[in-house]
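First residue of the sequence shown? That's 20 in the numbering used here, and the numbers climb one at a time after it. All C-beta atoms, glycine included, are put in the ideal place defined by N, C-alpha and C.
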Amino acid sequence: MDAVVAETNTDSTECSVTKPYVSLVFESVDEAYWFYNSYALNLGFGIKKGSTSKSFTSRDVIARRFECNKSGLKPSKEGEGSSTRAHRLTRVNCKAKLDIRKNKEDKWVVTGFIQEHNHELDTPSKAKRHRSHNVLHKDKEVKKLMDQLYSAGMGPAKIAKILNETNFNSSISATQVSAHLSEHRKNNIGNEGASVFAYLKKQQELDPNFYFDIELDSNLVLRSFFWADARSRNDFLTFGDVVVFDVTYKTNKFMMPFAPFTGVNHHRQSILFGCALLADETEETFHWLFHQWLKCMFDKAPKVIITDMDGAMYNAIKRVFPQTRHRFCSWHIGKHLIEHVFEIRDIHGDFKKDYYEWYNSKDVSTCEVRWKIFTQKYNIENSSWLSKMWARRQHWVPAYLKGYFVTGMTSSGRSESINAFFDGFVNSKTQLLEFITQYEKALQSRHQAEE
């Protein structure tokens, strides 16, 4: 490819920046980096830190290079076969770069600048996806907003969506939000982990049927913990055929997701089968929790588990409860359906009637015939969300769930019932140890009300 000469982008959504030139002076390495990074964003490429040179006498860095992130070539791996997954070409030996060197006044001077690239440049909005530009999630005010939204009861995916809608062209991911929240917890938990462990250990000494486990990170810092009292374990043996699992927020100072396992007793009252406070909502964290809960419940898996449509949760359930029927919460299905097809619903007056006629099909064959007619009528065969939901129809469409009686049970309804009960005992300012002790008081009060 011929060299591409970078010209200042004239896109009205971006401000023009000065082009680097030899002899340009900066107060620090960081100032030079952010200058070149701003230039790169404006032009449509990302940058990375390259080689450095050190003084022979002091061993201090006296020269540094910043280069296009497509510089160099990816080393080929010997023995690669046809089964090796193809990766997008990311390095094409681009020579674009900025060299700086420290002068006698301890300032940094541009000593070399290559403007030409050997690849096509991105638009500024696409360039924001490059690692060097995707830094909004590290901004102090953005982090503060993440904390506030999380305290208000929103999950990482919802927070990322709101941040991206309010910050033009930003591309913050749910993973980045989760990483910040996890770091926030780790930095603030401090000695709470040791106090929590000591309390749970004491409870187990008082009652051998009290079960708990904690998850630690590589630095032996508390990540997650799960516990269940003897009453909850016994209740599961009687009423544990159908379990609702949901993750909620706003329950403690450290914003650790509260994850209760809920069921229904013979009086149609919500009952608890144990709960956890989690470090995050990744597949591995859910796998750890489900594995501990299964051990706690005498290795007896429920016949049905009802959850929302979270992908990490879905994968962990397949691994830990392979024989359990996993059902998606009907309330969440309806909520997402409205979000994805509300325009069609407003345009076509019969949409709601046709949808429920299909949804309430008596058998699988009728359901599949009606689905084809329904999607063709409203021209939604190519909807990626509906296609994904159809592929998972065994988890939510009634025709595929015959024989599993779960009338009136939703993850939202049961968790809201439990959360409403605990609201008088815990809040967003509650410390971890206080949360557990207050939880125990709330549970005792609930047990007394049931008797």
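Three-way DSSP call (helix, strand, coil) for residue i in this model
i      : result
Lys220 : helix
Phe64  : coil
Cys87  : strand
Glu135 : strand
Ser70  : strand
Thr257 : helix
Thr326 : strand
Ile455 : helix
Lys5   : This structure cannot speak to residue 5, because the chain is shown only from 20 to 470.
Val44  : strand
Lys116 : strand
Arg346 : strand
Asn183 : helix
Val111 : coil
Gly212 : helix
Asn238 : coil
Tyr419 : helix
Leu140 : coil
Met332 : helix
Lys38  : coil
Ile191 : coil
Asp369 : coil
Gln463 : helix
Phe92  : In the sequence as displayed, the identity of residue 92 is Leu instead of Phe. Leu92 falls in the coil class under three-state DSSP.
Met165 : helix
Asp49  : helix
Pro227 : coil
Spatial distance of residue i from residue j (CA atoms)
i      : j      : result
Ala249 : His466 : 12 Å
Val80  : Asn56  : 20 Å
Thr301 : Cys294 : 17 Å
Lys314 : Thr267 : 23 Å
Ser289 : Glu139 : 59 Å
Ser384 : His310 : 37 Å
Leu235 : Asn61  : 43 Å
Lys116 : Gln134 : 7 Å
Pro175 : Met332 : 14 Å
Ile473 : Val215 : What is shown of the chain runs 20 to 470, which leaves residue 473 out entirely.
Arg344 : His414 : 8 Å
Gln463 : Trp307 : 27 Å
Lys354 : Thr326 : 14 Å
Val262 : Gln195 : 31 Å
Ser380 : Cys386 : 5 Å
Asn137 : Ala51  : 23 Å
Met274 : Tyr169 : 7 Å
Lys421 : Asp382 : 9 Å
Leu241 : Asn122 : 48 Å
Ile191 : Met165 : 11 Å
His156 : Ala298 : Confidence is the limiting factor: at His156 the pLDDT is only 47, short of 50, which leaves the residue's position unreliable, though a coordinate-based value still follows. Near 19 Å, if we compare the C-alpha coordinates of Ala298 and His156.
Leu256 : Ser402 : 42 Å
Ala461 : Thr394 : 48 Å
Ile233 : Phe280 : 17 Å
Gly330 : Lys319 : 24 Å
Trp404 : Ile352 : 11 Å
Pro471 : Lys163 : Here the chain has residues from 20 to 470 only, and residue 471 is not among them.
Ala193 : Asp226 : 40 Å
Arg252 : Phe258 : 10 Å
Trp409 : Ile357 : 16 Å
Residue i - partner residues in DSSP beta bridges
i      : result
Val80  : Lys73
Lys121 : Trp127
Asp232 : Phe245
Lys337 : DSSP output for Lys337 lists no bridge partner at all.
Arg262 : For the sequence presented, residue 262 should be read as Val rather than Arg. According to DSSP, which records beta bridges pairwise, Val262 is partnered with Ile324.
Length at least 3, wholly inside the segment 264 to 320: the beta strand (DSSP E) runs in chain order: 277 to 283 and 289 to 296
The segment 127 to 144 in contact with the segment 41 to 49 per 3-pair CB rule at 8 Å: yes
Length at least 4, wholly inside the segment 380 to 417: the alpha helix (DSSP H) runs in chain order: 383 to 396 and 403 to 410
The segment 85 to 95 contacting the segment 64 to 73, beta-carbon criterion three pairs below 8 Å: yes
Touching by the beta-carbon criterion (3+ pairs, under 8 Å), the segment 212 to 227 and the segment 334 to 348: no
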